[in-house]
Each structure stands twice: as structure tokens, then as C-alpha cells.
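S.K.: Top to bottom, those sequences are chains A and B.
Just so you know, our numbering puts 150 at position 150 of the first sequence, and the rest follows in order with no gaps.
Each number in our numbering corresponds to the 1-based position in the second sequence with 1000 added.
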Amino acid sequence: MKHELTLLLKQRSIISLLFLSLLLTGFSLFNGWQNISHIHAQINEATRAENLRKPDFFEHHSHEGPSDSDKTMDAGELGYYLFHNIYHAPGEWSFIALGNRLVIPSVQRIRLLGLQGQLYDGESHHPEYVMLGSFDYAFLLVFFAPLLCIALMHDLKASEQQAQRLLFLHSQVKEPLYFWGKRVLSRWLLITLTFALPVLVFAGLYKLSLAPLLRVLAITALYIFFWAVLCAAVSLRKRALNANFNAMLLTSIWLMLCVVLPNLSQLWLHYRYPVQDGSQIALQHRQWVHGAWDLPKEDTLRPFYALYPQWKDTPPVTGRFHWKWYFAFQHMADVKLQPQIVEREHTLMQRDRATGLLAWVLPTVWVQRNLEEIAQSNVTHLLAHRKRIERFHTALRHAAYPFLFEEKPLTEQDFQHLPTFESTGSD
Amino acid sequence: MTSLLSVQQLSLLFAGRSILNQLNLTVEAGHVVSVLGSNGAGKSTLLKSILGLHDSAEQTGNILIAGIDMAQDRQRALSHLAYVPEQPAVYGHLSAIENIRYFLSLSHVGEQKEIATCLTLAGLPETAWHRPCSEYSKGMKQKVMLAFALAKQAKLLLLDEPNSGLDPQATEELNQLIVQCKQRGMGVLVVTHDVLSAIGFSDRLLMLTHGQLAPIALDQSTFTLDRLQRLYQGQA
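#1: Pull up the distance between the alpha-carbon of Phe27 of chain A and that of Val379 of chain A, whole angstroms please.
#2: Here's the rule I'm using: 16 or more other beta-carbon atoms within 10 Å means buried, otherwise exposed. How should Ile281 of chain A be labelled?
#3: Would you please state the rounded distance, in angstroms, between the beta carbons of Gly1042 of chain B and Gln1009 of chain B? I believe it to be under 8 Å.
#4: Whose C-alpha, out of A:Asn85, A:Lys10, A:Ile104, is nearest the C-alpha of Tyr1091 of chain B?
#5: Could you give the first and the last residue of the continuous alpha helix (DSSP H) run that contains Leu1159 of chain B?
#6: 8 Å is my cut-off, CB to CB: does Gln368 of chain A come that close to chain B?
#7: Quick one: which residues of the segment 1099–1133 of chain B get their C-beta closer than 8 Å to a C-beta of chain A? List them in chain order.
#8: For Leu1047 of chain B and Leu1208 of chain B, which I take to be in contact (beta-carbon distance under 8 Å), what is that distance rounded to the nearest angstrom?
#9: What is the C-beta distance between Ser1049 of chain B and Leu1012 of chain B, in whole angstroms, given that I count them as a contact (C-beta under 8 Å)?
#10: When the distance is taken between beta carbons, is Pro1088 of chain B closer than 8 Å to Ile1144 of chain B?
#11: Look up Val997 of chain B in the DSSP assignment and give the residues it is bridged to.
#12: Have a look at Val1190 of chain B and Asp1203 of chain B and give me their C-alpha separation to the nearest angstrom.
#13: Distance, Cα to Cα, Arg286 of chain A vs Tyr87 of chain A?
#14: Just the C-alpha distance for Phe83 of chain A and Ile191 of chain A, rounded to the nearest angstrom, thanks.
#15: Leaving aside the five residues before and after Lys324 of chain A along the sequence, list all residues of the same chain whose C-beta is less than 7 Å from its C-beta, in chain order.
#16: Strictly below 8 Å CB to CB, what residues from chain B border Ser186 of chain A?
#17: Who are the Cβ neighbours of Glu1094 of chain B in its own chain at under 8 Å, not counting the five residues just before and after it?
#18: Where does Glu4 of chain A fall in DSSP's three states?
#19: Is the beta carbon of Ala158 of chain A closer than 8 Å to that of Asn263 of chain A?
#20: Residues of the segment 1147–1164 of chain B with a CB closer than 7 Å to any CB of chain A: list them in chain order, please.
#21: For the 8 Å Cβ check, are there 3 or more pairs between the segment 322–339 of chain A and the segment 45–62 of chain A?
#22: Asp136 of chain A and Ala97 of chain A: beta carbons closer than 8 Å?
#23: Answer with yes or no whether the minimum CB distance from Pro987 of chain B to chain A is below 8 Å.
#24: Tell me which same chain residues have a C-beta within less than 7 Å of the C-beta of Lys1141 of chain B, skipping the five on either side of it?
#25: Contact criterion: CB-CB distance below 8 Å. Does Gln11 of chain A meet it with respect to chain B?
#26: So which residues on chain A does Lys1143 of chain B lean against when the C-beta distance must stay under 7 Å?
#27: Name the chain B residues whose beta carbon is nearer than 7 Å to that of Arg165 of chain A?
#28: For the beta strand (DSSP E) containing Arg111 of chain A, list its first residue and its last residue.
#29: Is His38 of chain A close to chain B? Criterion is C-beta to C-beta, closer than 8 Å.
#30: Is the number of C-beta pairs between the segment 205–215 of chain A and the segment 230–246 of chain A that are closer than 8 Å three or more?
#31: For chain B, is any of its Cβ atoms less than 8 Å away from the one on Arg157 of chain A?
#32: Taking Cβ positions, are Tyr273 of chain A and Ala354 of chain A nearer each other than 8 Å?
#33: I want to see whether chain E comes within less than 8 Å of Gln162 of chain A, judged by CB atoms only; does it?
#34: Kindly list the residues whose CB is nearer than 6 Å to the CB of Ala1214 of chain B, restricted to its own chain and excluding five residues on each side of it in sequence; keep chain order.
#35: CB-CB under 6 Å to Gly425 of chain A, same chain, minus the five flanking residues each way: which ones, in chain order?
#36: Would DSSP call Ser1095 of chain B helix, strand or coil?
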């Protein structure tokens, strides 16, 4: 192996290619890291702003009492005017595969109003990101590593034949399989190192956890090994003496495995498991809410009290407008949309499971899926993030409802005890 | 006398055509045997057979190298053999020393002999040893290949058209080297078109026609152009 590595590393073209790979890997990690840092900065800035805004909010929306400490606030105003930050915080390894992070907002602001309308209002895919993808480690590994394998291994036999060395080599080697195996392995090792070394440096610099690091390295090594074996199978077959043909064949395989088949299968999955667009949900929510203004208040409050009988015997709704009624029809729009939300999430999971099956056949999908799992930017984590928002919104409602329905004013102490969205650092 | 190469009743069919037909050949230690033949006569095919690079289904007969049957133990048989192709098989981006070291690693023989000594014996100037072989002339590359054969301590040396593309001085130097190898007790089999050189260094001269080898008298005075043409046409 030592001699094979020497033979390779003495060639300037090989050194240039490996250096380019090293550089691109470093840049992809840096780019991913920059994106994640930007998200962290946004979250920190939003947190800082919220910490300043909330005390001010109470000050501005509270009503005078006999003393400063007796200031109170109306629960309806609190629900309508107070925004709460929710964060889609990146995980430690999110920089490796940005996935959905660039198209899903990292910071959103929600109120006590109907949740689904607010959540899906922000779900809009940026066409430029969707078209181009993002230059992260996952992208580079999936698309560039195979090309590097093809460049270094398409002419294993053909180059020796062209240099009229093949016969001589065969006359020297005792086990041709062992000889070619060493050639393939030495190339695999060098390519893998150009991907693994920058990852190791990053992990060391930022003191990242070991288990995900080992997984990333294993995925990298296995994926490059798959392409090395594929290249070897093409360039070492019995009549593999035409380097141009080998390169063309391998590039076609790359095109099929990396571009055509994953895209076709995605198209099929979208056709087989159609998911309602988020904006449609937001629109429908808005229509329920707008429609509720024209309905008799009883039509909203009766089903609401059926769900929350504990507030049934609270003071009745009077006058043309009442916050109780307003928040009840906001919430009932969420309740009516619930089957669609459940169905949507179920279909997303079905699509995700089907992609998982596909990953057994398409190595590109396997890599992308595994790296996105490590990066916590896959569908499972996205849905978990949604669940956390729903739990927070529920906690917020449960905290505000006693004041709203019993028509009790909030004191500053009550205000400070309102739940806040906890950013765990990984959603 | 020790027979370093013994080819017995070797026949080879290729695409239904008989290339070698019940061919017999021996090369003894300290002897140079040259095989002449027209283009397409099967000279290179004969070398490929000796190197064990033909499918056994196409080939019948026995090949023994230093007494070891190629069909039984190719690995051990090959360890006694060094092959120098018509185009020197050196890697252009490696130096002479690196090339020899790499080739030795392929044969798993390690450095049996000091590479520098072998390069000196092969007549490669020391100033060239560490330069990339892409800067060498063909004659210098041939010397690297011969130095490898010496470093490997091969008993049998197979040379395919060694003088092709060499100028007269380089040809003379190479011929001297072949004689030196012979003097060191190596058996040398040369496949060549260069009759005059072959007469100079060979102990036996053979003509390959119709898949069989026929001896030629080693008398330079009898080699008229007319006789050579008839020999090449198999009419001797």
C-alpha cells in the first residue's frame, strides 16, 4: 500500500485533484458553519430583543392601579398584542447538512391567536434555495465524491495499457486481484481522507461530540467505497481498455444515481403521497376565522365550551365584541383544521418512510438521509419542532384562559409567569 | 546444464487459429537464445504464454521456469523471471530508484540487492537516478528495466524487441548489458527483429514460423538479404 500511495502522490494531477477536494470540503464545512452561525445569531438577537420587549410590553399595555405594583393588564390585549418568539435552533452537527433549514424560518413570532394560520403562514419555499440546494458537506459528498472517484479510477487498466505497461505489470504481480485491490484501496483512502480530514479538524476545533463524528466518517467512507467499487468494476472488467468509454459509462451512472433517479423517485413520492400545501392550510384557517365574525357567537362558543367545559360557567359574552369569543373562534379554526394537520403529518411520515426504503437502493439518498438525521434537519425533526410549538401554544392558552374567561386582570407577577418557548439547541 | 526455461509441446489456439504448434524451447543458465520471426508470427504471443498470461483453455503444453511448472505454481515461477517489454514500462513521474522499488514491491521480493549497485551495473549515470524517468531516453529506460531485473535477482530474463527505437550507441550498450547478464549466469530469451545484434550476443538463434521454432546457423557470413527473406517466409 505504501508504494501505491507513493506512486499516486508523486503525480501532480492527482495532488491537484486531492487538494481541490480538500479545499472544497473545507469550504463546504465553513459555508455550512457560517449558515448555522447566522441562524444562531438570529436566534440570539431575537432572544435579546424579546427580553427587552416583554417588560416594555407590560409597561405600555398595563392599566394604572392604586400603586405601581398594582398595575394590571387585560388578558385579551395580552393575547392579541404580545408576540412570543419560537426558535428552530440548529443542532451541534447541523452544519453538515443544512437540509430544510434554509427554507424554514429559524425564528417565528406567534400570538395567542389560532396557531395553524400563524405556523403555515411562514412556510414558503424559497425557489432559489430549492433549485440550487445548499453548498454543504452533504451536497459535496453526494455529488462531488463520485466524480473524484471517476477521475481517479476510470482508467485503472486502460492507462497501463496505453503506457504499454499492462503486460509487464501482469508478469510481475503474483495475485492480480490483490494488486488491483491495492490500487483501488489506495485511491479510496486518499479520497476519503480529503473528506474526512477537514471534518476531523472542524470537530477538533469546535469540540464536537464523538458519536456523530464517527457516524459522519463512517457514512463518508462507505459512500466513497461504494463508488470506488463501482469504478473498479467498470475499469477493471476484462475489456476495459478504453478510458474514454469507461469515463463516459461511469459519468452516465453518476448522472443516473445522483441526479435522475433521486429526482424521479422524489417526483413519484410526491405523486404517491400528496401533501397539502402549507399556504392552503393558512388560507383555510383564515377563512374559518373570517367566517366566524359573521356567525352568531353561540355557534362558536357552544362547541368551544363542549371542548373546555371548565369555562362554560364563566361570565357570559356580552356586547358586539368580546375577547373570549374572539379567542374561542381563533382556537376553533385550529380544531377544525386538526384532521387535515394530522393527515398532512401522517402523509409526510409515509413519504419519509418510503424515502427510507428508497435509500436501500439509492446510495445518494442513503447518504443525504443519514447526514440530515445527524444534522437534525430531516422531516422527523421538523415535525418534532412543530409538536414543540403546539405544546408551547397549548401551554400559553392554558396560562391565559383563566384570566380571559374569568375576566381577571393579569398582574405583573402573572405576566412574568407566562410560559416561554424553550430553545433546547436541537429541535 | 540447468534449464531455466523449458517449453514443452506448447500449442496455442487464438480465435480458432493455431498460433503456436507443439513448440519446444529451452534456455539454459548463462545462455542467450534469440527468437526471430516476421510480424504476426507469434513471438510476443510466445512471451505472453511464458509469462502465464493466456487462458489455460486456449493453451496446451508445459512451461517450466527454473524447474517450476507455471501451471502449478505461477507465483513461484514468476519470482525467478524478469520481463522487459518493448516499450520500457517505467512510470514517468517516478525516478529510476522509485520505479525499481515499486516494481520490487509488486513481486513481493523486497530489495534483494542494492538498487544503486544494480543501476551502476546497468550503466545508468548516477546523475539520472533521482530524476523523473519522463526525462530519460528510451535507452536509459531500458537500463532501468534491466537494473530492476538485476535487483530482483531473476534467473531468467525475457526481452521483447530490446533494441527497437534505439540509436546505434544505445543498441551497443544494451547488447553489452545482455552479455553481462549472460555472464552472471542468467538465462536470457530475446525476441527481436535485429538479426545482427542477435548474432552478436546469442548462443542460439531460432526462427518462429508456422507456430514452430527452427534453429538458424550462427554464421554472419551466410546471412544474405535473400536468405533472411526466405527465412522470414519459412522457406529455409
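In this text, a Cβ means the ideal position worked out from N, Cα and C, and glycines have one as well.
M.R.: Looking at the coordinates:
#1: Walking along the first sequence from the start, residue 27 of chain A turns up at place 27. Walking along the first sequence from the start, residue 379 of chain A turns up at place 379. Rounded to the nearest whole angstrom, the C-alpha separation of Phe27 of chain A and Val379 of chain A is 26 Å.
#2: Numbered from its first residue, the first sequence carries residue 281 of chain A at position 281. Ile281 of chain A is buried by the Cβ-count criterion.
#3: As a position in the second sequence, residue 1042 of chain B is number 42, starting the count at 1. As a position in the second sequence, residue 1009 of chain B is number 9, starting the count at 1. Wrong, their Cβ atoms sit about 15 Å apart, outside the cutoff.
#4: Start at 1 with the first residue of the second sequence, and residue 1091 of chain B comes out as number 91. From the listed residues A:Asn85, A:Lys10, A:Ile104, the smallest Cα separation to Tyr1091 of chain B is found for A:Lys10.
#5: Here residue 1159 of chain B corresponds to residue number 159 of the second sequence, with the count starting at 1. Element bounds for Leu1159 of chain B: not the alpha helix (DSSP H) but the beta strand (DSSP E), 1156–1160.
#6: Start at 1 with the first residue of the first sequence, and residue 368 of chain A comes out as number 368. By this cut-off, Gln368 of chain A is not an interface position.
#7: The segment 1099–1133 of chain B vs chain A, Cβ under 8 Å: Arg1101, Tyr1102, Phe1103, Ser1105, Leu1106, Ser1107, His1108.
#8: Here residue 1047 of chain B refers to the residue found at position 47 of the second sequence. Here residue 1208 of chain B refers to the residue found at position 208 of the second sequence. With 8 Å as the limit, Leu1047 of chain B and Leu1208 of chain B do not qualify as a contact, their Cβ atoms being about 11 Å apart.
#9: Within the second sequence, numbered from 1, the residue matching residue 1049 of chain B stands at position 49. Within the second sequence, numbered from 1, the residue matching residue 1012 of chain B stands at position 12. Ser1049 of chain B to Leu1012 of chain B, Cβ: 6 Å. Contact.
#10: By 1-based counting over the second sequence, the position of residue 1144 of chain B is 144. By 1-based counting over the second sequence, the position of residue 1088 of chain B is 88. It should be noted that the sequence gives Val, not Ile, for residue 1144 of chain B. Yes; because the gap between Cβ atoms is below 8 Å, this pair is in contact.
#11: Nothing can be reported for residue 997 of chain B, as the shown portion of chain B is limited to 1001 through 1236.
#12: One-based indexing of the second sequence puts residue 1190 of chain B at position 190. One-based indexing of the second sequence puts residue 1203 of chain B at position 203. Roughly 11 Å between the two C-alpha positions.
#13: Here residue 286 of chain A corresponds to residue number 286 of the first sequence, with the count starting at 1. Here residue 87 of chain A corresponds to residue number 87 of the first sequence, with the count starting at 1. If you take the alpha carbons of Arg286 of chain A and Tyr87 of chain A, they lie about 24 Å apart.
#14: By 1-based counting over the first sequence, the position of residue 83 of chain A is 83. By 1-based counting over the first sequence, the position of residue 191 of chain A is 191. Taking C-alpha positions only, Phe83 of chain A is separated from Ile191 of chain A by approximately 50 Å.
#15: Taking the first sequence and counting its residues from 1, the one referred to as residue 324 of chain A is at position 324. So the qualifying residues of the chain are Val317, Leu404, Phe405.
#16: Sequence index remark: in the first sequence, residue 186 of chain A carries index 186 (1-based). The contacting residues do not exist; Ser186 of chain A stays about 12 Å from chain B at best.
#17: Walking along the second sequence from the start, residue 1094 of chain B turns up at place 94. As written in the sequence, residue 1094 of chain B is Leu, which differs from the Glu given in the question. Counting only Cβ-Cβ distances below 8 Å, and skipping sequence neighbours, we find Tyr1102, Pro1132, Cys1133.
#18: Along the first sequence, one-based indexing puts residue 4 of chain A at 4. Correct three-state label for Glu4 of chain A: helix.
#19: Locating residue 263 of chain A in the first sequence gives position 263, where the first residue counts as 1. Locating residue 158 of chain A in the first sequence gives position 158, where the first residue counts as 1. No.
#20: Residues passing the 7 Å Cβ filter: none.
#21: No: fewer than three Cβ pairs fall under 8 Å.
#22: As a first step, residue 136 of chain A is located in the first sequence; it is residue number 136 there, counting from the start. As a first step, residue 97 of chain A is located in the first sequence; it is residue number 97 there, counting from the start. Less than 8 Å divides the Cβ of Asp136 of chain A from the Cβ of Ala97 of chain A.
#23: The structure shown has nothing for residue 987 of chain B, since chain B only spans 1001 to 1236.
#24: Within the second sequence, numbered from 1, the residue matching residue 1141 of chain B stands at position 141. Contacts found: Pro1088, Val1090, Cys1133.
#25: Sequence index remark: in the first sequence, residue 11 of chain A carries index 11 (1-based). Cβ-Cβ to chain B under 8 Å: yes for Gln11 of chain A.
#26: Here residue 1143 of chain B refers to the residue found at position 143 of the second sequence. Correct list: empty, because the minimum Cβ distance to chain A is about 15 Å.
#27: Residue numbering aside, residue 165 of chain A sits at position 165 when the first sequence is read from its first letter. When 7 Å is used as the limit between beta carbons, Arg165 of chain A is near these residues of chain B: Ala1089, in chain order.
#28: Working through the first sequence from its first residue, we reach residue 111 of chain A at position 111. In the DSSP annotation of this structure, Arg111 of chain A is not part of any beta strand (DSSP E), being labelled neither H nor E.
#29: In the first sequence, residue 38 of chain A corresponds to position 38, counting from 1. No, its Cβ sits nowhere closer than 8 Å to a Cβ of chain B.
#30: Using a C-beta cut-off of 8 Å, the segment 205–215 of chain A makes no contact with the segment 230–246 of chain A, since fewer than three inter-stretch Cβ pairs fall below that distance.
#31: Here residue 157 of chain A is taken as the residue at index 157 of the first sequence, counted from 1. For the sequence presented, residue 157 of chain A should be read as Lys rather than Arg. Any Cβ of chain B closer than 8 Å to the Cβ of Lys157 of chain A would place that residue at the interface, and such an atom is absent.
#32: Along the first sequence, one-based indexing puts residue 273 of chain A at 273. Along the first sequence, one-based indexing puts residue 354 of chain A at 354. Yes. Within cutoff.
#33: As a matter of chain content, chain E is missing from the structure shown, whose protein chains are A and B.
#34: Start at 1 with the first residue of the second sequence, and residue 1214 of chain B comes out as number 214. By the criterion of a C-beta distance shorter than 6 Å, Ala1214 of chain B is surrounded in its chain by Met1207, once the five residues flanking it on both sides are discounted.
#35: Position 425 of the first sequence, counted from the start, is the residue given in the question as residue 425 of chain A. Unreliable positioning characterises Gly425 of chain A in this predicted model, as indicated by a pLDDT of 47, which lies under 50. The coordinate reading is nonetheless provided below. The residues Ala89, in chain order, have a CB closer than 6 Å to that of Gly425 of chain A in the same chain once the five nearest residues on each side in sequence are set aside.
#36: Numbered from its first residue, the second sequence carries residue 1095 of chain B at position 95. Here DSSP, grouped into helix, strand and coil, assigns Ser1095 of chain B to strand.
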